[in-house]
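Engineer:
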Amino acid sequence: MKKSNGEKWWGPYLWLLPSILLISIFVVFPILIVFRLSFSEISKAGVVGGFVGFKNYIDAVNLPAFATVMKNTFWWVISVVGLSTLLGFIIAMVMNQKFRGRKIARSILIFPWATSLVIQASVWNYIIKYEYGSLNSVLLNLGIIKEAVNWRSSYQIEFIWECAVGIFVTIPFVTFCILSGLQSIDESLYESARVDGAGFWSRLFHITLPLVRPSLSVSTVLNIIYVFNSFPIIYTMTKGAPANKTDTMITYLYMLNFYDRKKGPANALSVIGFLILCLCSGIYMITVMRKEEEA
Amino acid sequence: MRKTTAMLLSAALVTSALWGSALPAFAEEGDITLDVIICQYGPNTNEWFLGSGMDGTNFVDKFEAENPGIKLNLDVVSWNDVYTEVDTRIANNNAPDILNIDVFANYANEGLLLPVSDYCPEELYNDFFPSFIEQSVIDDTVWAVPDLASARALFYNVDMFEEVGIEVPTTWAELEDACQAILDYYEGEVYPWGIDMTTDEGQAAFAYYTWGNGGGFVDADGNWAVNSAENAEAINFALGLIEKGYTNPNPATQTRYDLQDMFAAGKLAMVIAPNQLPTYVADKGGEINMATANIPANEGKSSSSVGVMDRVMAFKDDAAPDQAARNEAIGKFLTFFYNPENYVGWVSMEGFLPAVNSAVEALVASDPSFEAWLDVLGGCQFYPTAKAEWDQVKQGVIAAEQNALTGADIQAELDALQEQLAG
Chain W
0 MKKSNGEKWW
10 GPYLWLLPSI
20 LLISIFVVFP
30 ILIVFRLSFS
40 EISKAGVVGG
50 FVGFKNYIDA
60 VNLPAFATVM
70 KNTFWWVISV
80 VGLSTLLGFI
90 IAMVMNQKFR
100 GRKIARSILI
110 FPWATSLVIQ
120 ASVWNYIIKY
130 EYGSLNSVLL
140 NLGIIKEAVN
150 WRSSYQIEFI
160 WECAVGIFVT
170 IPFVTFCILS
180 GLQSIDESLY
190 ESARVDGAGF
200 WSRLFHITLP
210 LVRPSLSVST
220 VLNIIYVFNS
230 FPIIYTMTKG
240 APANKTDTMI
250 TYLYMLNFYD
260 RKKGPANALS
270 VIGFLILCLC
280 SGIYMITVMR
290 KEEEA
Chain P
0 MRKTTAMLLS
10 AALVTSALWG
20 SALPAFAEEG
30 DITLDVIICQ
40 YGPNTNEWFL
50 GSGMDGTNFV
60 DKFEAENPGI
70 KLNLDVVSWN
80 DVYTEVDTRI
90 ANNNAPDILN
100 IDVFANYANE
110 GLLLPVSDYC
120 PEELYNDFFP
130 SFIEQSVIDD
140 TVWAVPDLAS
150 ARALFYNVDM
160 FEEVGIEVPT
170 TWAELEDACQ
180 AILDYYEGEV
190 YPWGIDMTTD
200 EGQAAFAYYT
210 WGNGGGFVDA
220 DGNWAVNSAE
230 NAEAINFALG
240 LIEKGYTNPN
250 PATQTRYDLQ
260 DMFAAGKLAM
270 VIAPNQLPTY
280 VADKGGEINM
290 ATANIPANEG
300 KSSSSVGVMD
310 RVMAFKDDAA
320 PDQAARNEAI
330 GKFLTFFYNP
340 ENYVGWVSME
350 GFLPAVNSAV
360 EALVASDPSF
370 EAWLDVLGGC
380 QFYPTAKAEW
390 DQVKQGVIAA
400 EQNALTGADI
410 QAELDALQEQ
420 LAG
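Protein sequence lines correspond, in order, to chains W and P.
No gaps in the numbering here: position 78 of the first sequence is 77 in numbering that gives the first Met the number 0, and each next residue is one more.
No gaps in the numbering here: position 389 of the second sequence is 388 in numbering that gives the first Met the number 0, and each next residue is one more.
(1) Counting only beta-carbon separations shorter than 8 Å, does W:ALA301 have a partner in chain P?
(2) Applying the criterion that 16 or more other CB atoms from any shown protein chain within 10 Å of the CB defines a buried residue, is P:PHE58 buried or exposed?
(3) Only counting the same chain, and skipping five residues up and downstream in sequence, which positions put a Cβ closer than 6 Å to that of P:ASP158?
(4) Identify which residue in P:SER116, P:ALA148, P:GLY164 and P:ALA224 has its Cα closest to the Cα of P:ASP139.
(5) What's the C-alpha gap between P:ALA407 and W:MET248?
(6) At a cut of 8 Å, does the segment 131 to 150 of chain P reach the segment 300 to 314 of chain P through at least three beta carbon pairs?
(7) For W:ALA192, which residues of its own chain have a beta-carbon under 8 Å away from its beta-carbon, when the five flanking residues on both sides are left out?
(8) List the residues that DSSP assigns as beta-bridge partners of P:ILE271.
(9) Where do the N-terminal and C-terminal ends of the alpha helix (DSSP H) with W:LYS70 fall, by residue?
(10) Are the C-beta atoms of W:MET0 and some chain P residue less than 8 Å apart?
(11) Going by DSSP, which residues form a beta bridge with P:PRO320?
(12) Please check the pair W:ILE184 and W:LEU210, which I expect to be a contact at CB under 8 Å, by giving their CB distance rounded to whole angstroms.
(13) Could one say the Cβ of P:ILE89 lies closer than 8 Å to chain W's Cβ atoms, at least one of them?
(14) Can you check whether the CB of P:ALA385 is closer than 8 Å to the CB of P:ILE69?
(15) Do you know offhand how far P:ASN212's Cα is from W:ARG151's?
(16) Give me the chain W residues within the contact set of P:GLN401, using Cβ-Cβ distance strictly less than 7 Å, ordered along the chain.
(17) Taking the Cβ atom as the reference point for each residue, do W:ASN71 and W:PRO264 lie within a distance shorter than 8 Å?
(18) Taking CB distances under 8 Å as the criterion, tell me whether P:LEU111 reaches chain A.
(19) Give a yes or no on whether the minimum CB-CB distance between W:PHE28 and chain P is below 8 Å.
(20) According to the neighbour-count rule (16 or more other Cβ atoms, all chains shown, within 10 Å of its Cβ), is W:ILE22 buried or exposed?
(21) At a CB-CB cut-off below 9 Å, which residues of chain W make contact with P:LYS266?
(22) Since W:ALA240 contacts P:GLN419 with CB under 8 Å, what's their CB separation in whole angstroms?
(23) Considering Cα atoms alone, identify which of W:PHE34, W:ILE77 and W:ASP195 is closest to W:GLY165.
(24) Quick one: is P:PHE25 buried, meaning 16 or more other Cβ sit within 10 Å of its Cβ, or exposed?
(25) One question on the structure: do P:ALA268 and P:ALA237 come within less than 8 Å of each other, judged by their Cβ atoms?
(26) Whole angstroms is fine: what's the gap from P:SER302's alpha carbon to W:VAL60's?
(27) Looking only at C-alpha atoms, which of P:PRO95, P:GLY221 and P:PHE336 sits nearest to P:GLN380?
(28) Is it buried or exposed, W:LEU117, if we count other Cβ atoms within 10 angstroms and call 16 or more buried?
(29) Tell me, please, whether the segment 98 to 117 of chain W touches the segment 268 to 287 of chain W by the rule of three or more beta-carbon pairs shorter than 8 Å.
(30) Pick out whichever of W:ILE156, W:ILE223 and W:LEU215 has its Cα sitting closest to the Cα of W:LEU178.
(31) Taking W:ARG35 as the query, report the chain P residues whose CB atoms sit under 9 Å from its CB, ordered along the chain.
(32) Using Cβ-Cβ distances below 8 Å, what residues of the segment 280 to 308 of chain P are close to chain W?
(33) Who does P:VAL355 pair with in a DSSP beta bridge?
(34) Given that P:ASN105 touches chain W, what residues does it touch there, using C-beta distances under 9 Å?
(35) Note the first and the last residue of the continuous beta strand (DSSP E) segment covering P:PRO191.
(36) At 3 residues or longer, what runs of the beta strand (DSSP E) sit wholly inside the segment 256 to 308 of chain P?
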């Protein structure tokens with residue numbers, strides 16, 4: 000069978016072959032292995048034994064820290080994705096305005112995203128350090144505080160710091176996604192709206208938001224996946240301490256696997272996380288796409 | 000035609016890239032290749048084994064030159080990654096031939112290790128400190144040999160002690176008095192005492208206080224006894240020090256390295272640390288006039304130093320065509336490694352204490368402070384790493400301490416852990 004333009008039918012598949020091969024080996028195959036391991040008995044040394052049904056899943060859910068970790072994961076994803084999207088949107092709106100130094104501002108904005116997360120988390124660790132942290136130094140020198148403040152006085156506050164660092168490093172990604180959407184909006188739409196007497200909020204809700212929705216959808220779905228799977232910030236800043244109270248699912252399953260050596264439950268948690276992500280992303284995508292179709 | 004060729008080429012490229020990485024290292028027919036994993040103890044480890052840190056050459060090149068027919072496929076892996084690497088290799092039936100790590104019980108209990116008697120030459124075996132060898136015995140079989148050790152002691156800032164006018168504390172009561180005096184004198188600018196209850200080393204804190212109160216991880220018969228009254232009292236004492244403001248403020252997240260940094264910066268007066276602390280402080284540019292003392296114990300209880308020991312072990316490989324030749328090659332590796340000509344350089348380079356008698360003389364000659372530390376090492380206790388549940392106990396006591404830091408009752412926490420161990 001030949002296509003009318005002379006190209007063979009298998010042409011596209013051959014071009015796709017390298018990608019399919021790489022994705023199969025480095026993505027699909029490992030996922031299948033994790034699924035298999037989650038139903039297998041795994042020794043402390045890592046030797047894989049026989050099929051144990053849902054035992055690993057039951058063990059994982061019954062772990063004392065499970066509820067805390069799930070709650071932390073929920074707040075971690077909601078706060079980081081929610082606030083970084085809100086702030087990223089506002090910054091993108093500002094960056095979309097014409098002003099002197101806009102290119103420099105855009106370049107600076109990308110720094111937090113371009114730097115390794117481990118470095119970012121380590122730097123923030125030093126900034127908020129009680130003993131010789133730069134935040135205390137600056138505030139003391141400015142006379143805003145009289146004596147050094149312990150910025151990490153409880154695990155709840157430490158978790159808030161972790162979320163804050165998460166938001167800080169995520170903002171550039173959201174900003175640039177939304178900025179690309181904003182730049183594709185035809186300026187004449189705003190001009191017409193202005194002529195018709197539409198104010199800032201009216202233009203925002205009736206022109207900007209509907210037209211930027213595709214970019215916003217993509218950034219939100221990708222963000223949910225990235226943030227849910229984010230490991231370096233929490234591992235670098237607290238390692239989940241004290242007693243898993245600042246762990247999210249990803250850092251917890253790492254600790255479970257390589258510190259506690261409970262490899263079966265760790266694999267089960269990994270699958271649970273994968274399914275949660277598929278579900279959340281799926282629901283979000285379907286909802287947004289339906290709204291787009293309705294629009 | 001050109002398009003088809005390009006497509007085929009790109010497919011071939013990807014395939015070759017994938018398969019290329021799986022090709023074994025080049026070795027001549029008849030050679031034995033040993034896969035070796037060494038943990039990275041410091042910045043010099045890699046240079047010594049693979050670079051030019053061994054008098055212009057390296058361990059691998061020198062070994063292969065002196066042992067024709069044996070090739071080393073040696074990786075230096077950081078402590079952060081080594082467990083992941085080893086577990087993954089075991090899961091893929093690709094365990095290393097020789098592994099340098101701290102733990103061994105899980106591997107031995109699952110039948111993955113060779114008994115030391117299968118490969119270690121007798122002369123070398125007799126050279127190890129017997130008290131070290133005893134730490135690697137399960138069911139009367141020795142499964143690993145010690146590669147090096149370090150001992151912990153109390154380091155204190157001599158200048159601060161002189162300035163405040165206090166003596167080095169030997170008991171818990173004296174420790175509290177000293178802490179209060181330092182706190183008052185420096186008006187809170189200096190932490191008197193350092194505590195690390197982090198996920199990294201919370202088990203060491205458990206050992207420091209419980210061993211100093213007649214408790215510990217196990218009872219006199221070697222059975223788990225983590226919830227003894229002595230243990231709860233000891234941890235409550237440590238928590239009391241934190242509550243009274245005598246310590247660093249965040250013991251759940253401030254690691255031993257944070258404490259050592261504070262000590263080097265003159266921000267901490269006392270810290271329990273390994274024998275390498277003076278080198279660490281010097282590397283950080285600190286000029287601290289420091290001295291060592293026994294770790295304070297409760298009144299009437301004896302002080303005990305904490306010894307930390309790492310090991311070298313050999314994994315079984317049923318697929319090896321000639322088991323006897325493989326065992327002999329492993330033996331040659333060990334003999335070469337522990338040869339004083341090589342081993343003394345290795346141990347002193349990283350600032351550790353030796354595990355073999357033959358290295359003592361040369362080490363003491365090069366650094367007389369070694370002798371005092373060898374005495375400390377002789378009297379110290381080790382973690383019960385030969386017991387299969389050690390991982391669970393280690394993480395369990397850390398979690399108990401960290402929960403207690405957030406208000407939980409330590410006795411209840413330790414009771415729960417003991418119950419898990421009994422179950």
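For each residue, glycine too, the CB sits at the ideal point set by N, CA and C.
Structural biologist: In short, the structure shows the following:
(1) There is simply no residue 301 of chain W to check, as chain W begins at 0 and stops at 294 in what is shown.
(2) buried
(3) ASN288
(4) P:SER116
(5) 23 Å
(6) yes
(7) SER201, ARG202, HIS205 and ILE206
(8) P:LEU153
(9) 65 to 94
(10) Legend: pLDDT at W:MET0 = 49, less than 50; position of this residue unreliable, no value from coordinates given.
(11) In the DSSP output, where bridge partners are listed per residue, P:PRO320 has none listed.
(12) 5 Å
(13) yes
(14) no
(15) 31 Å
(16) ALA240, PRO241 and ALA242
(17) no
(18) As a matter of chain content, chain A is missing from the structure shown, whose protein chains are W and P.
(19) no
(20) exposed
(21) GLU130 and TYR131
(22) Their Cβ separation, rounded to whole angstroms, is 20 Å, which puts W:ALA240 and P:GLN419 out of contact at 8 Å.
(23) W:ILE77
(24) The predicted position of P:PHE25 is uncertain, since its pLDDT is 47 and thus under 50; a value taken from the coordinates is nonetheless stated next. Classification of P:PHE25: exposed, given that the 10 Å Cβ count is below 16.
(25) no
(26) 42 Å
(27) P:GLY221
(28) First, the amino acid is wrong: residue 117 of chain W is Val here, not Leu. Label assigned to W:VAL117: exposed.
(29) no
(30) W:LEU215
(31) By Cβ distance, chain P contributes nothing, its closest Cβ being about 11 Å from W:ARG35, past 9 Å.
(32) none
(33) P:PHE127
(34) SER42, LYS43, ALA44, GLY45 and ARG260
(35) 190 to 192
(36) 267 to 273 and 289 to 292
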